[in-house]
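Working notes, structure below.
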Amino acid sequence: MAATIKLVLGDSTKELKTLPDNSVDLIITSPPYADQRKSTYGGIAADKYVKWFLPISKELLRVLKPTGTFVLNIKEKVVEGERSTYVMELIIEMRNQGWLWTEEFIWHKKNSYPGKWPNRFRDSWERLLQFNKDKKFHMYQEEVMVPMGDWAKTRLKNLSKTDKIRDNSKVGSGFGKNISNWVNRDKAYPSNVLHLATECNNKNHSAAFPEELPEWFIKLFTKEGDTVLDPFAGSGTSLSVSKRMNRNSIGIELLPEYYNEMVTTLGISPTIKKKNGTKSLAKNH
Ligand SMILES: C[S@@+](CC[C@H](N)C(=O)[O-])C[C@H]1O[C@@H](n2cnc3c(N)ncnc32)[C@H](O)[C@@H]1O
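Take 3 as the starting number for the sequence shown in the numbering used here and just add one per residue.
In structure tokens, the structure reads:
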């Protein structure tokens, strides 16, 4: 069966309430960052960010299946010479709300602009915070394996004595590794750093995801027929990639210009106007 797309024009704070409990397999999104892009789609002040986001994350916790995953792309800015702490405060409050902060991936932006700042270097990474409801969630690790590459020729060629036995973690984490297990293998599991270029030039949105970003997480955390939600859909990258990968998707977007653009680019049926003319819903099969 072909994947469905449900697109909602409106504020996620309100619209998420219309989605059923435990119905989504993956939430992947990039909300407005604090104090950024005020001229396009508004920005929330850093000191008000946690208060603004918590009612949204409460709804996300409700709609996510217990086996599902939430990937939140976010990055704190510099305010008066210091990094803002709102992302850290948000993580702590989301944990209090019931989320598990399972992992943090780094998006290394390969093509960040060069520049010169008096007291820091150019910002070329963003956070991809992984949250779950339960310690046991669906994760299809084999889907994102990478070629073994130079490791096969360098590190794995010269194994030491400890490389040939299980080397248990010195910090007592219970983790361990036996490097010799990887000799003669073509593929390895990737690291938690994603090296991807930003991709805004060919989209009518100033903060669009590169397609490989949602694609990687969709492969890792869902299978065909599953449902992906992006509550800050923007240009609809998460939705178009979901469609291509045969996953159902739901997108919510506040601004009519982005919403209308998505109706066109995603090729979904024309907007059904509600009586008050402000909200619309379109579905595609
Ligand atoms: C960083 S952009 C997302 C870009 C998206 N990942 C893409 O690939 O195009 C954030 C989007 O959230 C929308 N937005 C801001 N506040 C919102 C809200 N309360 N509810 C729904 N959408 C909102 C903005 O209009 C903007 O398009």
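We put the beta carbon where it would ideally sit given N, CA and C, even for glycine.
Anticipated Cβ contact below 8 angstroms, residue i with residue j, distance rounded
i: L56; j: E95; result: 6 angstroms
i: V73; j: V26; result: Not really, about 12 angstroms apart at Cβ, beyond 8 angstroms.
i: S14; j: P233; result: 4 angstroms
i: L268; j: G238; result: 6 angstroms
i: Y51; j: L92; result: 7 angstroms
C-alpha distance - residue i paired with residue j, whole-angstrom precision
i: N262; j: S208; result: 16 angstroms
i: I167; j: W184; result: 12 angstroms
i: L256; j: L241; result: 15 angstroms
i: K138; j: W218; result: 20 angstroms
i: N160; j: P192; result: 21 angstroms
i: H197; j: R124; result: 16 angstroms
i: N250; j: P120; result: 47 angstroms
i: D165; j: V81; result: 46 angstroms
i: I76; j: A48; result: 12 angstroms
i: G174; j: S126; result: 33 angstroms
i: K225; j: G83; result: 44 angstroms
i: P258; j: E17; result: 15 angstroms
i: L9; j: G253; result: 5 angstroms
i: N113; j: N180; result: 35 angstroms
Environment of residue i [buried if 16+ CB atoms lie within 10 Å]
i: W188; result: Checking the displayed sequence, the identity of residue 188 turns out to be Asp instead of Trp. D188 comes out exposed.
i: F223; result: buried
i: T20; result: exposed
i: G117; result: exposed
i: Y2; result: Because residue 2 is not part of the residues shown, which for the chain are 3 to 287, the question remains open.
i: E78; result: buried
i: Y88; result: buried
i: F211; result: buried
i: V230; result: buried
i: A5; result: buried
i: S162; result: exposed
Heavy atom of ligand 1 within 7 angstroms of residue i beta-carbon
i: E255; result: yes
i: S338; result: The question about residue 338 has no answer, for the chain in this structure spans 3 to 287.
i: D152; result: no
i: D13; result: yes
i: T239; result: yes
i: A210; result: yes
i: P22; result: no
i: P57; result: no
i: P68; result: no
i: S86; result: no
i: P34; result: yes
i: G236; result: yes
i: P233; result: yes
i: H207; result: yes
i: Y260; result: yes
Own chain partners of residue i with C-beta closer than 8 angstroms, once the 5 adjacent residues on each side are dropped
i: E106; result: R129, L130, L131, Q132 and N194
Contacting residues, own chain, Cβ-Cβ under 7 angstroms from residue i (five flanking each side not counted)
i: G151; result: none
i: P216; result: I30, T239, S240 and V243
i: T71; result: L28, Q132, N134, F139 and F223
i: K281; result: Low confidence applies here, because K281 scores a pLDDT of 47, under 50, leaving its location unreliable; read the following figure in that light. Excluding residues within five positions, the ones whose Cβ falls inside 7 angstroms are L11 and G12.
i: S86; result: A36, A48, E78 and K79
Neighbourhood of residue i by C-beta distance below 6 angstroms, restricted to the same chain and skipping five residues each side
i: P68; result: K135 and D136
i: I108; result: W127 and V195
i: K221; result: E145 and V146
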